[in-house]
Amino acid sequence: MNMHAGNTEPDTEAELLARYAAGDPAAARLLAAQVTPRMFAHALRVLGDQAEAEDVTQDAMMRLWRIAPDWRAGEAKVSTWLYRVVANLCIDRLRKRGGVPLEDVAEPADPAPSAAQGMQQATRLDALQAALNTLPDRQRQAVVLRHIDGLSNSQIASVLEIGVEAVESLTARGKRALTLALEGQRDALGFEDENI
Amino acid sequence: MFSEARSAPPRVPDALMAQVLADAQQMQPAASSPGGLMSWLRVLGGGPGVGGLVFATCVGFWIGVAPPENLPDVAGQLLNLQTSAGTDDNDLTSFGWDIEEG
């Protein structure tokens, strides 16, 4: 379940950040390889736009490099801090969109493999992204953090700076809304009795 | 669908990763050399420690050059700019007070 959040130990990330701050050139490469994919994936799922997700990821990583010399180990986990930065940058972007209908937001590039057996999966992922785009901003963030990024409710509470109960409410309502949005496509997406 | 989304994360574009690494390189603090001036300053307690040392040195020098009245003017004595006059306490006993008091 916690596939992405558990890719690296937080202590390892903090250690790499400390090594980066001390001038170790290899530490940046290792740390970037560990956290950049997760931040980019989260931004892409929340924003639904490749170019904006790239901008947000680069901006968040620059903030991480900037704060590295002043990072106080033990106060926060590096990945949780980064998720919070990315989440806030995404919210800023979504608010700036204002009245732009979600239908006008560009579909993300197909993240699935191009093999023939992946076509159904690609269709499902596109449908999931389209359904995610219909959710209110905070619900979308909470659902992505919980069900795709694999964070715990307490981690999500820290990222979104809300209480755990609010996280539970957001994810529950978000999941119900997603189920409703995908209900009409159940047959087309190849579902039988599966849940989303 | 969530598990499918987790198992097929979007691939980070090469250009983005290259830009992230370039930013990291540009913003990375320089590695500190073990024998440099900064390491000596750190041994002495960093900025506050060195500041205290400089302050104490200045105060000590000032007291040496212009001492308060109740302190001996050591610098003046060393440079023969001040003469000292001792008091002769023999007068107190020259009349034999100690003998008369018995």
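So the protein sequences, as listed, match chains A and B. Quick note: to get our numbering, add 53 to the position in the first sequence (first position is 1). Quick note: to get our numbering, add 70 to the position in the second sequence (first position is 1). For glycine and all other residues, C-beta sits at the position ideal for the given N, C-alpha and C.
Non-local beta-carbon contacts of V138/A in its own chain, meaning distances under 6 Å to residues more than five positions away in sequence, involve A113, R116 in chain order. A contact is defined here as three or more CB-CB pairs under 8 Å, and the stretch 141 to 148 of chain A fails this definition with respect to the stretch 72 to 80 of chain A. Per DSSP, reduced to three states, the secondary structure at V82/B is coil, with no helix or strand assignment. At a cut-off of 8 Å between beta carbons, L149/B makes no contact with chain A. For A136/B, the three-state secondary structure derived from DSSP is coil.
Taking the Cα of T110/A as reference, the smallest distance to any Cα among R146/A, R125/A, E128/A, A80/A is reached at R146/A. Per DSSP, W124/A lies in no alpha helix (DSSP H) segment and is marked neither H nor E.
If you check the CB distance, R119/A and M97/B come in under 8 Å. Residue burial annotation: L100/A is buried, with at least 16 other C-beta atoms found within 10 angstroms of its C-beta.
With respect to the C-alpha of P79/B, the residue from L185/A, L97/A, V212/A having the closest C-alpha is L97/A. Taking the beta carbon of A88/B as reference, no residue of chain A falls within 9 Å; the closest one sits roughly 10 Å away. Here S205/A carries a coil assignment [DSSP, helix/strand/coil]. Here DSSP, grouped into helix, strand and coil, assigns E214/A to coil.
When secondary structure is reduced to three states using DSSP, A175/A falls in the helix class. Listed in chain order, the non-local C-beta contacts of L188/A below 6 Å within the same chain comprise G227, A230, local neighbours out to five positions each way being set aside. The stretch 205 to 225 of chain A and the stretch 125 to 139 of chain A touch, with no fewer than 3 CB-CB distances between them shorter than 8 Å. By the criterion of a C-beta distance shorter than 6 Å, I133/B is surrounded by no residue of its chain, once the five residues flanking it on both sides are discounted. For D84/B, not one C-beta of chain A is nearer than 8 Å to its own C-beta. Using a Cβ-Cβ cut-off of 8 Å, Q111/A is close to L86, Q89, V90, D93 of chain B, given in chain order.
Judged by their CB atoms, F72/B and I209/A are not nearer to each other than the 8 Å cut-off. Classified as exposed, T127/B has fewer than 16 neighbouring CB atoms from the shown chains inside 10 Å of its CB.
Counting only residues of its own chain and dropping the five nearest sequence neighbours on each side, L148/B has no CB closer than 8 Å to any other CB.
Assigned with DSSP and collapsed to three states, M114/A falls in helix.
Chain B places no beta carbon closer than 8 Å to that of P189/A, leaving this residue out of the contacts.
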